[in-house]
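This report refers to the structure that appears directly beneath it.
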Amino acid sequence: MKIAILGAMPEEVEPLLEKLDDISRVDYADNRYYKAKYKGVEVVVAYSKIGCAFSTLTATILIEHFGCDTLLFSGVAGAINEDFKIGDLIYASKLCKHDLDITAFGHPAGFVPEGKVFIYPDSNLVEVAKSVANSKGIELKEGVVATGDQFISSQEKKEQIKETFNADAIEMEGYSVALVCDALNVPFFILRAISDSADMDASFDFDAFLEKSAKVSADFVLEMVEKLG
Ligand code: ADE
């Protein structure tokens with residue numbers, strides 16, 4: 038087993054790197070990859086840079102070049118569901134791409150011909166996550182995650198995404214990573230801790246809570262790696 042652990046930003050992978058053993062850095066395709074071990078399990082860690090294009094590239098390289106057979110994403114998200122508070126841990130029960138829009142041609146929002154509106158994570162990884170949460174007494178929430186190449190910081194936009202996709206959380210990489218894994222038959226799981234509420238305070242909250250929430254997610258993902266090993 039070789040597990041890819043992917044984040045979007047340095048802040049999302051730094052708390053992982055601090056806890057790994059036997060780290061070696063490999064520079065490839067304009068990015069840095071860290072081959073390492075966690076409790077004896079082989080992992081490859083990287084941050085992609087923000088957004089769908091970069092995360093598609095990095096997820097593909099982790100699988101096709103580094104040979105990872107499982108992918109765990111760790112990072113932060115904005116809350117759309119009013120019950121999700123800053124610091125809450127959420128996994129994606131399904132993912133959609135909220136800014137994929139050819140509705141002008143009569144297609145549903147988030148859909149292009151031969152594509153899928155929703156992509157689902159691996160059910161075994163979901164069970165592993167639930168059992169880690171149970172055994173450690175950690176509250177793990179689930180929700181529909183909407184991905185797009187925009188940082189959402191307005192009530193109006195947030196409500197529109199909620200109404201269109203029944204989304205609970207918003208971020209900028211999950212769907213593209215899910216799409217790569219789905220196409221290549223690699224089990225994946227997208228975990229996020231809430232950093233902001235995607236409202237007018239979002240950019241301020243994001244800066245204030247990015248590091249703390251990223252660590253909440255990273256710590257949980259490492260528990261999953263141990264359990265999978
Ligand atoms: N990631 C964290 N917060 C976000 C937001 N408000 N919009 C998009 N991506 C995010």
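The sequence shown begins at 38 in the working numbering and counts up by one.
C-beta atoms are modelled at their ideal positions from N, C-alpha and C, and glycine is treated no differently.
Source: prediction; values computed, not measured.
Quiz prompt | As assigned by DSSP and simplified to three states, the class of E208 | solution = In the structure shown, E208 sits in a strand (DSSP, three-state: E or B).
Quiz prompt | C-beta atoms of L99 and V81 nearer than 9 Å | solution = Against a cut-off of 9 Å, the Cβ pair of V81 and L99 comes out as a contact.
Exercise. Decide yes or no for the touch test of the region 71-91 against the region 193-200: beta carbon pairs closer than 8 Å, at least 3 of them.
Key: Inter-segment contact for the region 71-91 and the region 193-200 is absent: fewer than three beta-carbon pairs are separated by less than 8 Å.
Self-check item: Inter-residue CB distance, A239 and G112 (contact presumed, cutoff 8 Å)
Solution: At roughly 15 Å, the Cβ-Cβ gap does not stay under 8 Å, so A239 and G112 are not in contact.
Practice problem: Would you kindly check if the distance between the Cβ of L94 and the Cβ of I42 is under 9 Å? | Solution: 9 Å or more divides the Cβ of I42 from the Cβ of L94.
Practice problem: Could you tell me the distance, in whole angstroms, from the CA atom of V258 to the CA atom of G266? | Solution: Straight-line spacing of the CA atoms in V258 and G266 works out to 12 Å.
Quiz item: Pick from D236, I60, N171: whose alpha carbon is nearest that of I123?
Solution: Ranking D236, I60, N171 by Cα distance to I123 puts D236 first.
Practice problem: Kindly examine ligand 1 and report whether one of its heavy atoms sits closer than 8 Å to the Cβ of D244. | Solution: For D244, the Cβ stays outside the 8 Å cut-off from all heavy atoms of ligand 1.
Quiz item: Is the beta carbon of E196 within less than 8 Å of some heavy atom of ligand 1?
Solution: Result no, Cβ not under 8 Å from ligand 1.
Quiz prompt | Counterpart residues of A41 in DSSP-defined beta bridges | solution = Note: A41 is bridge-paired with V81, L108 in the DSSP secondary-structure output.
Quiz prompt | Beta-carbon proximity check, Y84 vs A146, cutoff 9 Å | solution = No.
Quiz item: Buried or exposed: which applies to E208, given that a residue is buried once 16 or more other Cβ atoms fall within 10 Å of its Cβ?
Solution: Flag for E208 reads buried.
Quiz item: Whose C-beta lies closer than 8 Å to the C-beta of P47 among residues of the same chain, with five residues either side of it excluded?
Solution: Spatial neighbours of P47 in its own chain (CB-CB distance under 8 Å, excluding positions within 5 residues in sequence) are listed in chain order as Y84.
Quiz prompt | Whole-angstrom distance between V163 and E179, CA atom to CA atom | solution = One alpha carbon belongs to E179, the other to V163, and they sit about 10 Å apart.
Quiz prompt | Beta-carbon proximity check, A114 vs A255, cutoff 9 Å | solution = For A114 and A255, no; Cβs fall outside 9 Å.
Self-check item: M261, buried or exposed, once every other Cβ within 10 Å from all chains shown has been counted against 16
Solution: Counting of Cβ neighbours within 10 angstroms places M261 among the buried residues, the total reaching 16 or more.
Quiz prompt | Under the three-state DSSP convention, the category V169 falls into | solution = Residue state, collapsed to three classes: helix.
Exercise. Quick one: using the 10 Å Cβ neighbour count with 16 as the cut-off for buried, is K167 buried or exposed?
Key: With fewer than 16 other Cβ atoms within 10 Å, it is exposed.
Quiz item: T201 lies in the alpha helix (DSSP H); which residues open and close that run?
Solution: Taken as a continuous stretch (DSSP letters only), the alpha helix (DSSP H) holding T201 covers 192-202.
Quiz item: Going by the CB atoms, is the gap between C133 and I156 shorter than 9 Å?
Solution: For I156 and C133, yes; Cβs fall inside 9 Å.
Quiz item: In three-state terms, what does DSSP make of L228?
Solution: Three-state DSSP puts L228 in a strand.
Exercise. Starting from the C-beta of G88, find all residues in its chain whose C-beta is less than 6 Å away, skip the five residues before and the five after it, and write them out in chain order.
Key: Only residues of its own chain outside the window of five on either side were considered, and among them D186, M209 have a CB closer than 6 Å to the CB of G88, listed in chain order.
Quiz prompt | G115 CB to nearest heavy atom of ligand 1 below 8 Å | solution = G115: yes, Cβ under 8 Å from ligand 1.
Quiz item: Nearest-angstrom Cα distance between A90 and D67?
Solution: Between A90 and D67, the C-alpha separation is close to 13 Å.
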